[in-house]
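S.K.:
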Amino acid sequence: MSDVRTDTASVADRIRPVSTGGPVVAVHFLGAIPVFVLGEEALAFAPRDAAVRTVSVHGGAILAAAADASRIVTGGDDGKVIATDAAGTTTAIATDAKRRWIDRVAAGPDGAVAWAAGKQAFVRTGKGEQRVCEVPSSVGGLAFAPKGFRLAIAHYNGALLWFPNAQAAPERLEWKGSHLGVTFSPDGRFLVTAMQEPTLHGWRLVDSKHMRMSGYAAKVRSMSWSAGGKWLATSGSDQLILWPFQAKDGPMGKSPQLLAPAGHKVAIVACHPKQDVVGVGYEDGLLLLVRIDDGAEIIAKRAGTAAVAAVAWSADGSMLAFGCEDGEAGVIEL
Amino acid sequence: MTDKIPVTVLTGYLGAGKTTLLNRILSEPHGQKYAVIVNEFGEIGIDNELVVGADEEIFEMNNGCICCTVRGDLIRIIDGLMRRKGKFDAIIVETTGLADPAPVAQTFFVDDAVGQKAKLDAVVTVADAKWLKDRLRDAPEAKNQIAFADVILLNKTDLVSDGDIREVEARIRGINPYAKIHKTERCAIPLPEVLGRNAFDLDRILDIEPEFLGGDDHHHDHDHDHRHDHDGHHHHHHDGLKHYHDEEMQSLWIKTDKPLDPDKFFPWVQDLVAKDGPNILRSKGILAFKDDPDRFVFQGVHMILDGDHQRPWKDDEPRESRIVFIGRNLPEEKIREGFAGCAA
Chain A
1 MSDVRTDTAS VADRIRPVST GGPVVAVHFL GAIPVFVLGE EALAFAPRDA
51 AVRTVSVHGG AILAAAADAS RIVTGGDDGK VIATDAAGTT TAIATDAKRR
101 WIDRVAAGPD GAVAWAAGKQ AFVRTGKGEQ RVCEVPSSVG GLAFAPKGFR
151 LAIAHYNGAL LWFPNAQAAP ERLEWKGSHL GVTFSPDGRF LVTAMQEPTL
201 HGWRLVDSKH MRMSGYAAKV RSMSWSAGGK WLATSGSDQL ILWPFQAKDG
251 PMGKSPQLLA PAGHKVAIVA CHPKQDVVGV GYEDGLLLLV RIDDGAEIIA
301 KRAGTAAVAA VAWSADGSML AFGCEDGEAG VIEL
Chain B
1001 MTDKIPVTVL TGYLGAGKTT LLNRILSEPH GQKYAVIVNE FGEIGIDNEL
1051 VVGADEEIFE MNNGCICCTV RGDLIRIIDG LMRRKGKFDA IIVETTGLAD
1101 PAPVAQTFFV DDAVGQKAKL DAVVTVADAK WLKDRLRDAP EAKNQIAFAD
1151 VILLNKTDLV SDGDIREVEA RIRGINPYAK IHKTERCAIP LPEVLGRNAF
1201 DLDRILDIEP EFLGGDDHHH DHDHDHRHDH DGHHHHHHDG LKHYHDEEMQ
1251 SLWIKTDKPL DPDKFFPWVQ DLVAKDGPNI LRSKGILAFK DDPDRFVFQG
1301 VHMILDGDHQ RPWKDDEPRE SRIVFIGRNL PEEKIREGFA GCAA
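In order, the protein sequence lines correspond to chains A and B.
Each residue of the first sequence is one higher than the last, beginning at 1 in our numbering.
Each residue of the second sequence is one higher than the last, beginning at 1001 in our numbering.
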């Protein structure tokens, strides 16, 4: 489908292209520096006034990436978990004894890191203590709770809530099917998983009440909370899907808001850290900025040859970075 | 998109020779690079960084269909391998000796991300010429693997007599008359016979006549009366070759020269696979719809059907519709009557 948004305002002329050297699978800001995670081996640091700097982190594919304010944590098919800071200094967090793939990682409070290999989830605290949790099936997703030292582990037929510092067995949340991505609402009241089927599942944690969020055309691969946790933005359709979480019951009994329809599926979403604006990347390479209140759109990048694979905002919301499956990447200062 | 990575599924009962074939594929000079997903590390004699160990995890889908299962581990591994796209030309998935090939095959049709990037090429089954007959009696997994196959390597033929080979071949044909059978010793076979088969490509569904035993080249009409005497377990074919009819797993081939009504056919076939899908392992069809200049082709795995218009019928080609089912305890009369009811 051709780009029909000819009258839509655009900031695409402000893109600073970044030559990353390979397909991009994720992007994160470390301070003011956008750091692109490549599909293989390296991170590409793209500071405004200097050349792109590549830092080698894995001896093969990079399967997972997560970030906190000061470092990016990656997992690779070399069985390693690596943390890289803004200076490009890498620290080996762990090496799997059997060299299993590390395909899920999460960054937690006080420098804690979580990762998964097969049916085991690991946590390493900021002090360097390591704990392991046996999971009934392969780990589908990992997420630290917004408060306290607690990790959600999505798996086949449910999720575990694990306090790594406690002796108690993890709390089990059950729901039939394969749970992949997982995220806590920013207020910590809800846990939402993306399933193998094109649907989300949610639990209200105080009473484990179930929420089913369905109607998607495809598996949901991207979820992002709007500022203050009012909305959960997701991919999985040919428009932006926003589930309302303002009310006490979250989205129970409510319909999602649907914005920014396009002829292609949404591949990735990233909410602005302060305003109710979502960066929405599509499978045809189009990247829109969508205002939640009124659905107003701004083109950040026109459609290209490959899907948008990664979008991130700087912490102050002044910069937006994106990367595509074919390696096209850029930064926009707003 | 034509740049989907082809995936070959390699099955076979324990000890049949899967690893031998795998080692051949990895060591012979053919200019192709393969990523290999194995179920057990250590048996592969070749050092290859693109050998990945898999722990089979079968996930049921929440879509109200009990036989709709996928290999969750495969979805993750293929997703991960795609980050190294360009490092390999094709993927080979080795299943365990006791595996049902269906969840592997269904993964490619059910998972949108996998289906976008990879395509199923063929199910290749390695069978032990000496022991297959016994396994077909006592191991339902072995029968599944034969019924599901597009290509069968009847291996270790050096360990049995010619008569035994013909016997086991007839047993295979009794279950699956559509697979290409190759007789091998130590899995020695030109690799193009095994890889790059496009067996699940709708454009390659050209003909679905059942194959009979070698040297038997005159035309057989398989529409003959199937209600032959089952007590004897086999009857003698025209040239003296045995023709077995497996009591449990059969194939059913129906053709008609009456044009079909799509508004009757699609509801019928969807209802059939919805109800009998657990027992229908594979299905294929070439269909002539009334007033439709194009051939319609379909294929299926259990309850999952995939179909499309293929190409215009040629002038010199009889406009016949043919469908095939391979499955367990197929309700033959019901299927025949239902199909006959789809005439326009």
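Built from N, CA and C at the ideal position, the CB exists for glycine as well.
Note that the structure is a prediction, hence the values are computed from the model and not measured.
1) In this structure, does DSSP put Ser56(A) in helix, strand or coil?
2) Taking DSSP as the reference, what is the three-state secondary structure of Ser1283(B)?
3) What residues are listed by DSSP as bridge partners for Val311(A)?
4) Does any CB atom of chain A fall closer than 7 Å to the CB of Asp1112(B)?
5) Is Phe1108(B) close to chain A? Criterion is C-beta to C-beta, closer than 7 Å.
6) Let me confirm a value: Leu288(A) is counted as buried when at least 16 other C-beta atoms fall within 10 Å, else exposed. Which label applies?
7) With a 10 Å radius around its C-beta and 16 neighbouring C-beta atoms as the bar for buried, classify Leu240(A) as buried or exposed.
8) On a Cα-Cα basis, can you pick out the residue from Thr6(A), Leu30(A) and Phe45(A) that is closest to Ser19(A)?
9) Counting only beta-carbon separations shorter than 7 Å, does Asn1176(B) have a partner in chain A?
10) At least one CB of chain B closer than 7 Å to the CB of Ser185(A): is that the case?
11) Could you pull out every residue in the same chain whose Cβ sits closer than 6 Å to the Cβ of Gln257(A), ignoring the five residues on either side in sequence?
12) According to DSSP, simplified to helix, strand and coil, what is Lys80(A)?
13) In chain order, what residues of the same chain lie with their CB nearer than 6 Å to the CB of Val192(A), ignoring the 5 residues before and after it?
14) Under 8 Å between beta-carbons, which chain B residues line up against Ile62(A)? List them in chain order, please.
15) How should Leu967(B) be labelled, buried or exposed, when 16 other C-beta atoms within 10 angstroms of its C-beta is the threshold for buried?
16) Going by the beta-carbon positions, is the gap between Ala121(A) and Cys133(A) smaller than 7 Å?
17) Chain B partners of Gln196(A), CB-CB under 9 Å?
18) Report the residue from Lys248(A), Tyr216(A) and Lys127(A) whose alpha carbon sits nearest the alpha carbon of Phe190(A).
19) Check whether the Cβ of Tyr156(A) lies closer than 7 Å to any Cβ atom in chain B.
20) Rounding to the nearest angstrom, what Cα-Cα distance links Val1124(B) and Val1194(B) in this structure?
21) Between Met1(A) and chain B, is there a C-beta pair that is closer than 7 Å?
22) Can you list, in chain order, the stretches of the alpha helix (DSSP H) that have 4 or more residues and sit fully within the stretch 1238 to 1326 of chain B?
23) Does Ala218(A) have its Cβ less than 7 Å from a Cβ in chain B?
24) Quick check: the Cα distance between Glu1141(B) and Asp1271(B), rounded to an integer number of angstroms?
25) Please decide whether Glu40(A) counts as near chain B, where near means a Cβ-Cβ distance under 7 Å.
26) Please list, in chain order, the chain A residues whose beta carbon lies closer than 7 Å to that of Gly1080(B).
27) When the Cβ atoms of the stretch 317 to 325 of chain A are set against those of the stretch 1091 to 1110 of chain B, are three or more pairs found closer than 8 Å?
28) According to DSSP, is Ile102(A) part of a helix, a strand, or is it coil?
29) Output needed in chain order: residues of the stretch 5 to 34 of chain A with a Cβ under 7 Å from some Cβ in chain B.
30) On a CA-only basis, which of Ala159(A), His264(A) and Val123(A) is nearest Leu205(A)? Give me that one, please.
31) Cα-Cα, which of Val1269(B), Arg1319(B), Glu1332(B) and Lys1314(B) is closest to Val1301(B)?
32) Ends of the beta strand (DSSP E) at Asp1121(B)?
33) Verify whether the separation of the beta carbon atoms of Leu161(A) and Glu171(A) is less than 7 Å.
34) Hey, Leu1202(B) and Asp1121(B): beta-carbon distance below 7 Å or not?
35) Nearest chain B C-beta to Gly181(A) closer than 7 Å, yes or no?
36) Under 7 Å, do Leu286(A) and Ala267(A) count as touching if we go by C-beta distance?
M.R.: Let me spell this out:
1) Counting from 1 along the first sequence, the entry for residue 56(A) is found at position 56. The answer is strand: DSSP assigns Ser56(A) an E or B state.
2) The residue you call residue 1283(B) lines up with position 283 of the second sequence. Strand, per DSSP.
3) The residue labelled residue 311(A) in the question sits at position 311 within the first sequence. The partner list for Val311(A) (beta bridge, DSSP) reads Phe322(A).
4) Along the second sequence, one-based indexing puts residue 1112(B) at 112. Answer yes: the Cβ-Cβ gap between Asp1112(B) and chain A drops below 7 Å somewhere.
5) Counted from its first residue, the second sequence places residue 1108(B) at position 108. No, Phe1108(B) lies away from the interface with chain A (no Cβ there is under 7 Å from its Cβ).
6) Residue 288(A) sits at position 288 when you count from the first residue of the first sequence. Buried, because 16 or more other Cβ atoms sit within 10 Å of the Cβ of Leu288(A).
7) In the first sequence, residue 240(A) corresponds to position 240, counting from 1. Its Cβ being crowded by 16 or more others within 10 Å, Leu240(A) is buried.
8) Position 19 of the first sequence holds residue 19(A). Residue Phe45(A) is the option with its Cα nearest to Ser19(A).
9) Position 176 of the second sequence holds residue 1176(B). So, not an interface residue.
10) Within the first sequence, the letter at position 185 stands for residue 185(A). Ser185(A) does not count as touching chain B.
11) Position 257 of the first sequence, counted from the first residue, corresponds to residue 257(A). Cβ neighbours of Gln257(A) beyond the five flanking positions: Leu242.
12) Taking the first sequence and counting its residues from 1, the one referred to as residue 80(A) is at position 80. Here Lys80(A) sits in strand by DSSP.
13) Taking the first residue of the first sequence as 1, we reach residue 192(A) at position 192. Taken in chain order, the residues that qualify are Thr183, Leu200 and Gly202.
14) Residue 62(A) sits at position 62 when you count from the first residue of the first sequence. Simply Arg1083.
15) Chain B is shown only over 1001 to 1344; residue 967(B) falls outside these bounds and no answer can be derived.
16) Counting from one through the first sequence, the residue named residue 121(A) turns up at place 121. Counting from one through the first sequence, the residue named residue 133(A) turns up at place 133. It is a contact, given that the beta carbons lie within the stated cut-off.
17) The count along the first sequence starts at 1 and reaches residue 196(A) at position 196. Near Gln196(A) (Cβ distances below 9 Å), the residues of chain B are Phe1059, Met1061, Asn1062, Val1070, Gly1072, Ile1075, Val1110 and Asp1111.
18) As a working mapping, residue 190(A) is identified with position 190 in the first sequence. Measuring from the Cα of Phe190(A), the nearest candidate turns out to be Lys248(A).
19) The sequence position of residue 156(A) within the first sequence is 156, counting from 1. It does: the Cβ of Tyr156(A) has a partner Cβ on chain B nearer than 7 Å.
20) Taking the second sequence and counting its residues from 1, the one referred to as residue 1124(B) is at position 124. Taking the second sequence and counting its residues from 1, the one referred to as residue 1194(B) is at position 194. Cα to Cα, Val1124(B) sits roughly 7 Å from Val1194(B).
21) The residue you call residue 1(A) lines up with position 1 of the first sequence. Any answer about Met1(A) is weak, because its pLDDT of 45 lies below 50 and its placement is not dependable; what the coordinates show is given next. The C-beta of Met1(A) comes no closer than 7 Å to any C-beta of chain B.
22) 1262 to 1276
23) Stepping through the first sequence from its first residue, residue 218(A) is reached at position 218. Chain B contact via Cβ: present.
24) Stepping through the second sequence from its first residue, residue 1141(B) is reached at position 141. Stepping through the second sequence from its first residue, residue 1271(B) is reached at position 271. Pairing Glu1141(B) with Asp1271(B), the inter-Cα distance amounts to about 27 Å.
25) Indexing the first sequence from 1 puts residue 40(A) at position 40. Contacts with chain B at 7 Å (Cβ-Cβ) include Glu40(A).
26) In the second sequence, counting from the first residue as 1, residue 1080(B) sits at position 80. What Gly1080(B) touches in chain A: Ala61, Leu63, Asp77, Trp101 and Asp103.
27) no
28) The count along the first sequence starts at 1 and reaches residue 102(A) at position 102. Reduced to three states, the DSSP call for Ile102(A) is coil.
29) Val25
30) Within the first sequence, residue 205(A) is the residue found at index 205, counting from 1. Between Leu205(A) and the set Ala159(A), His264(A) and Val123(A), the nearest pair of CA atoms involves Ala159(A).
31) Here residue 1301(B) refers to the residue found at position 301 when the second sequence is read from its first residue. That would be Val1269(B), whose Cα lies nearest to the Cα of Val1301(B).
32) The residue labelled residue 1121(B) in the question sits at position 121 within the second sequence. Start and end: Ala1118 to Asp1128.
33) Numbered from 1 along the first sequence, position 161 holds the residue referred to as residue 161(A). Numbered from 1 along the first sequence, position 171 holds the residue referred to as residue 171(A). Contact flag set, yes.
34) By one-based count along the second sequence, residue 1202(B) stands at place 202. By one-based count along the second sequence, residue 1121(B) stands at place 121. Contact: no.
35) Within the first sequence, the letter at position 181 stands for residue 181(A). No, because no Cβ of chain B sits closer than 7 Å to the Cβ of Gly181(A).
36) Within the first sequence, numbered from 1, the residue matching residue 286(A) stands at position 286. Within the first sequence, numbered from 1, the residue matching residue 267(A) stands at position 267. Not closer than 7 Å, so no.
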